[in-house]
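See structure below.
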Amino acid sequence: MSFQASPAFVVVMGVAGCGKSSLGSALAQAEGLPLIEGDDHHSPASREKMRQGIALTDTDREGWLATLGQLLQDQPQGAVLTCSALKRVYRDRLRNACPGLRFVFLEIDRASAGQRVAARAGTHFFSSALVDSQFATLESPVGETGVLRLDALLDLPTLQQQASAWLATKETA
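For the sequence shown, the positions run 1440 to 1612 when my numbering is used.
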């Protein structure tokens, strides 16, 4: 009997500037999985709000989360999704769409996140004025089932290796 690995579905999550896109891309490449860049699926209205420094509401995020859940369901072989997933209710919505979904939480301090977001000004729609609101909204996932917390200030190869090793274990935390 041959071993068939079960599909891996993982969300790389955290506040703006934590490195979701960088780790998501590296992890997807290392695992041979498609990358779903959550930011690419915000509505034009939500993008404009963020560009203007206006925080999104739960209502603003409803359609976005539904889309991301559907995109995960559309990948039967697994996928890596980048998504802030700041509140438990958002994570639960994604879990309901994709049972067995796991989360890699990139934990970062406010100052470092602010510096990173400011450094990408002009290349990303997210306003650095929103970093504080992200921290205010964040409900830490530490302690939830299926969550790995990583220090976002570690170098990218180390982050990718730790995330890949965790995914290979089938353990949920």
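Glycine included, every Cβ here is placed at the ideal spot set by N, Cα and C.
So who's on the other strand from residue i, going by DSSP bridges?
i, result
"T1521", "V1451 and E1476"
Span of the alpha helix (DSSP H) holding residue i?
i, result
"S1482", "Per DSSP, S1482 belongs to no alpha helix (DSSP H) and is neither H nor E."
"T1506", "D1497 to Q1512"
"G1463", "K1459 to E1470"
Between the options, which lies nearest to residue i when the distance is taken from Cα to Cα?
i, options, result
"L1462", "L1606, T1496 and A1602", "A1602"
"L1606", "V1454, A1467 and G1453", "A1467"
"V1450", "R1532, K1488, T1496 and D1571", "R1532"
"A1604", "D1497, E1470, V1454 and S1464", "E1470"
"L1598", "S1464, F1448 and V1454", "S1464"
"H1515", "D1594, A1447 and Q1491", "Here the sequence assigns Pro to residue 1515, which means His is not the residue at that position. Of the listed residues, the one whose Cα sits closest to P1515 is A1447."
"G1502", "V1581, D1590, D1571 and A1484", "A1484"
"V1581", "Q1491, I1475, V1519 and R1541", "R1541"
"R1490", "P1596, A1557 and Q1600", "A1557"
"G1517", "L1472, T1608 and I1493", "L1472"
"D1571", "E1487, Q1554 and R1486", "Q1554"
"L1504", "E1487, I1475 and G1492", "I1475"
"H1480", "L1593, R1588, D1594 and R1500", "R1500"
"S1551", "L1520, L1587, L1592 and T1521", "L1592"
"V1543", "R1486, L1587 and D1497", "L1587"
"I1493", "Q1512, G1477, L1569 and T1521", "L1569"
Go through the region 1531–1612 residue by residue and report every complete run of the alpha helix (DSSP H) that reaches 4 residues or more, in order.
-> Qualifying alpha helix (DSSP H) stretches, in chain order: 1549–1558, 1570–1576 and 1595–1608.
Indicate whether the contact test is met: 3 or more Cβ pairs, each with one atom in the region 1537–1553 and one in the region 1451–1466, closer than 8 angstroms.
-> Touching, per the Cβ criterion.
Is there contact here, the region 1520–1532 with the region 1576–1585, by at least three beta-carbon pairs under 8 angstroms?
-> With contact defined as three or more Cβ pairs closer than 8 angstroms, the region 1520–1532 and the region 1576–1585 are in contact.
Pairing CB atoms from the region 1493–1512 with CB atoms from the region 1529–1539, are three or more of them under 8 angstroms?
-> With a cut-off of 8 angstroms, the region 1529–1539 and the region 1493–1512 count as touching, because enough Cβ pairs lie within range.
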